[in-house]
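K.L.:
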Amino acid sequence: MSNAETTNPTSPPATEPVEDWTTDFDLLDADYITDPLPVWEDLRSGCPMARTDRRGIRTWMPTRFDDVRALAGLVPDLSSKDPLVITLPPEFQAIDPLDANEDGLNAAPISADPPEQTWTRKMILPAFAPKAIEAHRGFTENLCHELIDRFVDDGSCDAAVQYAQQIPPRVIAHLLGFDPGMADQFVEWVRGILEIGFYDPAARVKNRQEFNVFLAAEVKDRWANPRDDLISQLLRMDVPEMEGRELRVVVGICNLLVIAGIDTTWSSIGSALFHFGSTPADRRRLADDRSLLPTAVEEMLRYYSPVTMARVAQTDVEYGDVVIREGEKVLMNFPGANHDPEAFEDPDQIQIDRTRNRHLAFGSGIHRCAGSNLARLEMEVALGVWFDRIPEFELADPAHITWAGGQVRGPRQLPMHW
Ligand code: HEM
3 MSNAETTNPT
13 SPPATEPVED
23 WTTDFDLLDA
33 DYITDPLPVW
43 EDLRSGCPMA
53 RTDRRGIRTW
63 MPTRFDDVRA
73 LAGLVPDLSS
83 KDPLVITLPP
93 EFQAIDPLDA
103 NEDGLNAAPI
113 SADPPEQTWT
123 RKMILPAFAP
133 KAIEAHRGFT
143 ENLCHELIDR
153 FVDDGSCDAA
163 VQYAQQIPPR
173 VIAHLLGFDP
183 GMADQFVEWV
193 RGILEIGFYD
203 PAARVKNRQE
213 FNVFLAAEVK
223 DRWANPRDDL
233 ISQLLRMDVP
243 EMEGRELRVV
253 VGICNLLVIA
263 GIDTTWSSIG
273 SALFHFGSTP
283 ADRRRLADDR
293 SLLPTAVEEM
303 LRYYSPVTMA
313 RVAQTDVEYG
323 DVVIREGEKV
333 LMNFPGANHD
343 PEAFEDPDQI
353 QIDRTRNRHL
363 AFGSGIHRCA
373 GSNLARLEME
383 VALGVWFDRI
393 PEFELADPAH
403 ITWAGGQVRG
413 PRQLPMHW
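Following the working numbering, the numbering of the sequence shown begins with 3 at its first residue and continues without gaps.
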C-alpha cells in the first residue's frame, strides 16, 4: 500500500451570490454546499421546480420526492447520454481515445439510454450481486485495519483524507484487477474529473484524458493476456451487441466503475464519520449497540445522499406547470428528495434506528445504482472497524472541515481526535 495520501487543498472559487434560488440556483454556492437543507425546504414549499441559466445551459432542479422519482422515469425523453456533465458546456468535454462518445458507451450504462443501457447493465450486475460482493468483505476489513494502524496511536487524523478517501479506490482496484499502487492516482483522476473539473474545465479534460489512456492500455492488455479479474471476464462475455467493439465497451464500463465507485462511497463514509464525530449521543448509542449499524448506514445514506445526476431533454417535456425545452437539463436531485416531509417523517432529523427509510440515495428507475451492495458493504465495514478500534472520538477542529459539492457532496477535510 502506498504511503502517499492525497491532500485536499482545493475549494471552488467564489461564485456570484444567489439572490433568487427559484430562478438562479447555483450548486457551487458555498453555503449551499455546506448546508443545502434550508434551500430545499424553501423551494419545496414555494417553487418545487427551480431553474438556473448559469453556465450556459438552462437547468431545472426538482426538490420533491415524487417529482424526482417521476422525472427519473421519463426515459428516453429525459436522456442519460453524457450525464456526467451537469453544468459544464459541451466544448469542455474530453476527447475519448477510443471514440466511444457518440452512442453513450463512454461510461455505460450510466451514460446510455436503452438499448445500450440495458445490455451493458446486465453485463455488470452479476459482479455486484450480494454473494459476489460478500467475497470482498475480508479484503475490505483488512484494508480498514491497516489504515487505522497508521494513525491510531497519534490520537488524531484527518478522517476524510487518511481513512474515508483511502478505502473505495483500493477496493475498486482489487475488484477490477488493477495494481493496488494505482489507488492514489485514481483519487487524483476522479477528483480532477468530478470535483475540481467542475469549475476548472482544463483540469477536467487533462484528467479525463489521462484516465482514459490508462484504462485503454489496461483493457488492451487483458484482451491480449486474459487474467482472473473482472476486466477479463467482461471481455469474454457472450454479448452479441458487444461484438466488434469489446474494447470500447469495457473501457467505458471500467471508466464508470472507478468514477461511480470512488467519490460516492468515500463521501458517504466521510459524512457518516462527520455525523458521529459531531453527535456524541449517536456515537455512544452505536458504540454500545452495534446491531444498529445497518439502519444507521441507511440513515447516513438518506440524510447525506452524496449523488446528484442530470438528464438532458431530447424533446420538449411538459411536467406540471413547466416546460423543459429540448437540450435543457434536469438535475436528479436525489439528496433533496430524501428530505421531503411528504416521504419521510422528520426528514431533517437523523434517526439511526429509522426503519421506514425508502430513500433515493441510490437513484430511482432503470439507472438505480448497480453497485449499492458494494457501497453498503464498504460503509458497514468502514464504520464497523472504526468503531471497533476507535469507539470514542470527536471532531477536532470544526472550522477546518471542508465539503465538496456539485455532483458528489461529502467532506474533504475532516480533522478528528480521540
Ligand atoms: C454510497 C455510495 C454510492 C452512491 C450514493 C451511489 C449512487 C448512485 C446513483 C444515485 C446512481 C443513479 C444515477 C442516475 O440515475 O443517473 C448510481 C448509478 C450507478 N452506480 Fe452508484 N452509488 C454509490 C456507489 C457505487 C459503487 C461502489 C459502485 C460500483 C463500483 C457504483 C456503481 C454504479 C453504477 C454502475 C451505476 C449506473 C447504473 C445504470 O446506469 O444502470 N455505485 N449510483
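Even for Gly, the Cβ is constructed at its ideal location relative to N, Cα and C.
1. What's the C-alpha gap between Phe141 and Glu248?
2. Have a look at Thr17, Met244 and Leu39 and flag the residue whose alpha-carbon is nearest the alpha-carbon of Gln351.
3. In or out: Leu100 buried (at least 16 other Cβ within 10 Å) or exposed?
4. I'd like the ranges of any beta strand (DSSP E) spanning at least 3 consecutive residues and lying wholly in the region 312-394.
5. Does the distance between the C-beta of Ile368 and the nearest non-hydrogen atom of ligand 1 fall short of 7 angstroms?
6. Just to confirm before moving on: does the CB-CB distance between Leu145 and Ser280 stay below 8 angstroms?
7. Please report the distance separating the alpha-carbon of Val410 from that of Arg71.
8. With three or more beta-carbon pairs closer than 8 angstroms as the criterion, would you say the region 248-263 touches the region 318-325?
9. Grouping DSSP H, G and I as helix and E and B as strand, with all else coil, what is His138?
10. Which full runs of the beta strand (DSSP E) of 3+ residues lie inside the region 155-235, going along the chain?
11. Quick one: does the C-beta of Leu232 sit closer than 7 angstroms to a heavy atom of ligand 1?
12. Between which residues of its own chain and Arg46 is the CB-CB distance below 7 angstroms, once the five residues before and five after are set aside?
13. Taking the beta carbon of Val163 as the centre, do at least 16 other beta carbons fall within 10 Å, making it buried, or is it exposed?
14. Quick one: what does DSSP say Val241 is sitting in, helix, strand or coil?
15. Below 8 angstroms on the Cβ atoms is my guess for Ala110 versus Leu236; work out the distance and round it to an integer in Å.
16. Which of the three DSSP states, helix, strand or coil, is assigned to Gly412?
17. Taking DSSP as the reference, what is the three-state secondary structure of His402?
18. With a threshold of 8 angstroms between beta-carbons, can Ile126 be considered close to chain B, or not?
19. Please state the DSSP three-state secondary structure of Glu21.
20. By Cβ distance, which residues of its chain are closer than 6 angstroms to Ile392, with the 5 residues on each side in sequence left out?
21. In whole angstroms, what separates the C-alpha of Pro117 from that of Gly246?
P.N.:
Reading from the atomic positions:
1. Between the alpha carbons of Phe141 and Glu248 lies a gap of roughly 29 angstroms.
2. It is Leu39 whose Cα lies nearest to the Cα of Gln351.
3. Below a pLDDT of 50, predicted positions are generally treated as unreliable, and Leu100, at 40, falls in that range; no measurement from the model is reported.
4. Within the region 312-394, complete beta strand (DSSP E) segments of at least 3 residues are found at 319-321, 324-326 and 331-334, given in chain order.
5. Checking every heavy atom of ligand 1 against the Cβ of Ile368, one is found closer than 7 angstroms.
6. Not closer than 8 angstroms, so no.
7. Distance between the alpha carbons of Val410 and Arg71: 19 angstroms.
8. Not touching, per the Cβ criterion.
9. In this structure, His138 counts as coil in the three-state DSSP scheme.
10. Counting only runs of 3 or more, we get 158-160.
11. No - ligand 1 has no heavy atom lying nearer than 7 angstroms to the Cβ of Leu232.
12. The beta carbon of Arg46 sits closer than 7 angstroms to the beta carbons of Thr65, Arg66 and Asp342 from its chain, once the five residues preceding and following it are set aside; these are given in chain order.
13. Buried is the call here.
14. Residue state for Val241 is assigned as coil, using DSSP reduced to three classes.
15. In this structure, Ala110 and Leu236 do not form a Cβ contact; the two beta carbons are roughly 12 angstroms apart against a cut-off of 8 angstroms.
16. Assignment of Gly412 by DSSP, reduced to helix, strand and coil, places it in the strand class.
17. Helix.
18. Of the protein chains in this structure there is only one, and it is not chain B.
19. In the three-state reduction of the DSSP assignment, Glu21 falls in the coil class.
20. These residues qualify, in order along the chain: Trp420.
21. Answer to the nearest angstrom: the Cα atoms are 17 angstroms apart.
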